[in-house]
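Undergrad: In the UniProt record's numbering, the protein residues as written are 1 to 120.
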(Lines of atoms letter the chains of each structure in order from A and count residues from 1; the text may use other names and numbers.)
(Lines give C-alpha, C1' and ligand atoms only; values in the text may rest on other atoms or scores of the structure.)
Protein backbone atom coordinates (compact mmCIF):
# COMPACT_ATOMS: atom_id res chain seq x y z
CA UNK A 1 0.00 0.00 0.00
CA UNK A 2 2.73 2.44 0.92
CA UNK A 3 4.67 2.21 -2.34
CA UNK A 4 1.65 2.65 -4.61
CA UNK A 5 0.21 5.46 -2.48
CA UNK A 6 3.56 7.26 -2.39
CA UNK A 7 3.97 6.85 -6.16
CA UNK A 8 0.46 8.25 -6.71
CA UNK A 9 1.32 11.22 -4.50
CA UNK A 10 4.56 12.01 -6.31
CA UNK A 11 3.44 11.37 -9.88
CA UNK A 12 0.99 12.82 -12.38
CA UNK A 13 -0.94 11.67 -15.42
CA UNK A 14 -0.88 8.04 -16.47
CA UNK A 15 1.74 7.09 -13.87
CA UNK A 16 -0.49 8.49 -11.13
CA UNK A 17 -3.54 6.69 -12.54
CA UNK A 18 -1.67 3.37 -12.56
CA UNK A 19 -0.42 3.91 -9.00
CA UNK A 20 -3.95 4.78 -7.82
CA UNK A 21 -5.31 1.61 -9.43
CA UNK A 22 -2.65 -0.45 -7.67
CA UNK A 23 -3.31 1.34 -4.37
CA UNK A 24 -7.04 0.61 -4.74
CA UNK A 25 -6.31 -3.10 -5.12
CA UNK A 26 -4.26 -3.08 -1.93
CA UNK A 27 -6.85 -1.02 -0.08
CA UNK A 28 -9.56 -3.47 -1.13
CA UNK A 29 -7.59 -6.25 0.57
CA UNK A 30 -7.41 -4.16 3.74
CA UNK A 31 -11.16 -3.55 3.48
CA UNK A 32 -11.72 -7.32 3.40
CA UNK A 33 -9.48 -7.88 6.44
CA UNK A 34 -11.52 -5.32 8.41
CA UNK A 35 -14.83 -7.09 7.76
CA UNK A 36 -16.58 -7.55 11.10
CA UNK A 37 -13.86 -5.76 13.08
CA UNK A 38 -13.33 -2.30 14.54
CA UNK A 39 -9.55 -2.56 14.19
CA UNK A 40 -7.43 -4.99 12.18
CA UNK A 41 -6.85 -7.08 15.29
CA UNK A 42 -10.45 -6.92 16.55
CA UNK A 43 -11.82 -4.59 19.20
CA UNK A 44 -8.48 -3.10 20.18
CA UNK A 45 -5.59 -1.50 18.34
CA UNK A 46 -2.95 -4.07 17.46
CA UNK A 47 0.33 -4.37 15.61
CA UNK A 48 -1.17 -4.11 12.11
CA UNK A 49 -3.12 -0.99 13.09
CA UNK A 50 0.12 0.62 14.27
CA UNK A 51 1.96 -0.50 11.13
CA UNK A 52 -0.75 1.05 8.94
CA UNK A 53 -1.17 4.12 11.13
CA UNK A 54 0.69 6.29 8.61
CA UNK A 55 -2.26 5.69 6.27
CA UNK A 56 -4.71 7.19 8.75
CA UNK A 57 -2.41 10.14 9.31
CA UNK A 58 -1.24 10.94 5.79
CA UNK A 59 -3.82 9.73 3.28
CA UNK A 60 -6.03 12.81 3.69
CA UNK A 61 -2.96 15.06 3.45
CA UNK A 62 -1.96 13.39 0.16
CA UNK A 63 -5.53 13.62 -1.13
CA UNK A 64 -5.74 17.33 -0.34
CA UNK A 65 -2.40 18.19 -1.92
CA UNK A 66 -3.09 16.21 -5.11
CA UNK A 67 -6.81 17.07 -5.29
CA UNK A 68 -7.79 13.42 -5.55
CA UNK A 69 -9.68 10.84 -3.54
CA UNK A 70 -7.91 7.60 -2.65
CA UNK A 71 -10.10 6.31 0.17
CA UNK A 72 -13.80 7.10 -0.25
CA UNK A 73 -16.75 5.83 1.76
CA UNK A 74 -18.54 4.24 -1.20
CA UNK A 75 -15.66 1.92 -2.10
CA UNK A 76 -14.07 1.53 1.33
CA UNK A 77 -16.65 2.01 4.10
CA UNK A 78 -14.83 -0.20 6.61
CA UNK A 79 -11.48 1.40 5.91
CA UNK A 80 -13.04 4.86 6.29
CA UNK A 81 -14.51 3.81 9.64
CA UNK A 82 -11.10 2.47 10.70
CA UNK A 83 -9.36 5.70 9.61
CA UNK A 84 -11.70 7.70 11.83
CA UNK A 85 -11.65 5.29 14.78
CA UNK A 86 -7.87 4.95 14.73
CA UNK A 87 -7.33 8.69 14.21
CA UNK A 88 -9.68 9.60 17.06
CA UNK A 89 -7.92 7.36 19.59
CA UNK A 90 -6.28 9.78 22.07
CA UNK A 91 -3.03 7.80 22.36
CA UNK A 92 -2.65 8.01 18.58
CA UNK A 93 -4.03 11.51 17.97
CA UNK A 94 -1.81 13.07 20.65
CA UNK A 95 1.36 11.74 18.98
CA UNK A 96 0.73 13.02 15.47
CA UNK A 97 2.30 16.19 14.11
CA UNK A 98 -0.12 19.04 13.44
CA UNK A 99 -1.81 18.85 10.05
CA UNK A 100 -0.97 22.49 9.34
CA UNK A 101 2.71 21.52 9.43
CA UNK A 102 2.27 18.36 7.35
CA UNK A 103 0.63 20.08 4.38
CA UNK A 104 3.51 22.48 3.58
CA UNK A 105 6.10 19.78 4.26
CA UNK A 106 4.56 17.36 1.78
CA UNK A 107 3.88 20.09 -0.78
CA UNK A 108 7.60 20.91 -0.65
CA UNK A 109 8.55 17.22 -0.97
CA UNK A 110 6.29 16.81 -3.98
CA UNK A 111 7.64 19.96 -5.63
CA UNK A 112 11.22 18.85 -4.99
CA UNK A 113 10.49 15.47 -6.56
CA UNK A 114 8.94 17.15 -9.63
CA UNK A 115 11.91 19.51 -9.93
CA UNK A 116 14.39 16.62 -9.78
CA UNK A 117 12.32 14.54 -12.22
CA UNK A 118 12.12 17.32 -14.78
CA UNK A 119 15.86 17.99 -14.64
CA UNK A 120 16.84 14.39 -15.47
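Quick reminder that beta carbons are idealized off the backbone N, C-alpha and C, glycines included.
1. Distance, Cα to Cα, residue 99 vs residue 42?
2. Using a threshold of 8 Å, state whether the C-beta atoms of residue 71 and residue 106 are closer than that.
3. Name the DSSP bridge partner or partners of residue 42?
4. Nearest to residue 102 by CA position, among 31, 54 and 83, is which residue?
5. Can you list, in chain order, the residues of its chain with a C-beta nearer than 6 Å to that of residue 88? Leave out the 5 residues immediately preceding and following it.
TA: Let's see:
1. Between the C-alpha atoms of residue 99 and residue 42 there is a straight-line separation of about 28 Å.
2. Contact: no.
3. 39, per the DSSP bridge assignment.
4. A check of alpha carbon separations from residue 102 across 31, 54 and 83 identifies 54 as the nearest.
5. The answer is none, since no qualifying residue turns up.
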